[in-house]
Amino acid sequence: MQKLCLPQSVLMVFHHAMSMVAWPFAIEYDFCSRYVVVMLAYEFSSVFLLSNWFISTAGYKRSMMYIASGGLFTLSFIIIRLVGAVPQFFNLFETMPWFQTAADYPGVLGWMPAWSFVLLLPHVLNAMWGRQVVEGALKILRGDQGEKERAPAKAPDPPYQPVAE
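In terms of the UniProt record's numbering, the sequence shown opens at residue 1 and continues consecutively.
What follows is the structure, encoded as structure tokens:
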């Protein structure tokens with residue numbers, strides 16, 4: 001429970017809650033929908049993050065599969081979420097939808113332009129996580145796994161042996 005109250009966790013919950021609110025309005029009113037769709041594409045890197053979690057949970061943290069998945073996660077995160085965000089970030093500040101009014105976007109609800117500033121939150125979160133991803137990758141590349149002793153990965157379950165009758 002303590003981990004859920006960390007500022008990063010609170011931002012993550014807020015971000016996902018706002019995403020669930022933003023999607024229907026972005027699609028229905030075609031307001032900032034290009035930004036929302038591009039941010040959805042950022043989630044491609046999550047496939048490798050989840051793969052790493054599954055591989056680690058299965059006890060194969062020291063396997064080549066884990067290393068490959070981790071490398072793909074790092075590359076996809078840097079290319080898609082960090083480098084790929086630069087043009088979108090500049091475009092957001094060029095158009096600044098949060099300073100527009102509902103009159104500038106006929107048909108949208110009055111609160112939508114003001115609330116579009118939440119489009120910046122995923123970029124802030126990705127910058128924070130990107131720093132952690134890059135630092136972790138550099139540690140692995142340098143062979144520096146940290147000063148604390150790591151517990152060995154648990155052995156995988158033995159293969160299934162059918163019961164002979």
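The beta-carbon is built from N, C-alpha and C at its ideal position, and this holds for glycine as well.
Reference residue i; option with closest CA among the options
i, options, result
"H123", "G84, P24 and V108", "G84"
"Q100", "S9, S116 and V86", "S116"
"W23", "V118, V133 and V163", "V118"
"Y42", "D104, L138 and T74", "T74"
"Q88", "G110, L120 and Y105", "L120"
Residue range of the unbroken alpha helix (DSSP H) whose run includes residue i
i, result
"P162", "P162 -> no alpha helix (DSSP H), and no H or E assigned at all."
"P97", "Unbroken run through P97: none, as it is neither H nor E."
"Y42", "S33 to Y42"
"residue 167", "Since the displayed the chain opens at 1 and closes at 165, residue 167 lies outside it and no answer follows."
Burial state of residue i (16 or more Cβ within 10 Å)
i, result
"L40", "exposed"
"R34", "exposed"
"A26", "buried"
"P106", "exposed"
Beta carbon of residue i nearer than 7 Å to that of residue j
i, j, result
"F31", "M112", "yes"
"F44", "I80", "yes"
"V108", "A102", "yes"
"S69", "S51", "yes"
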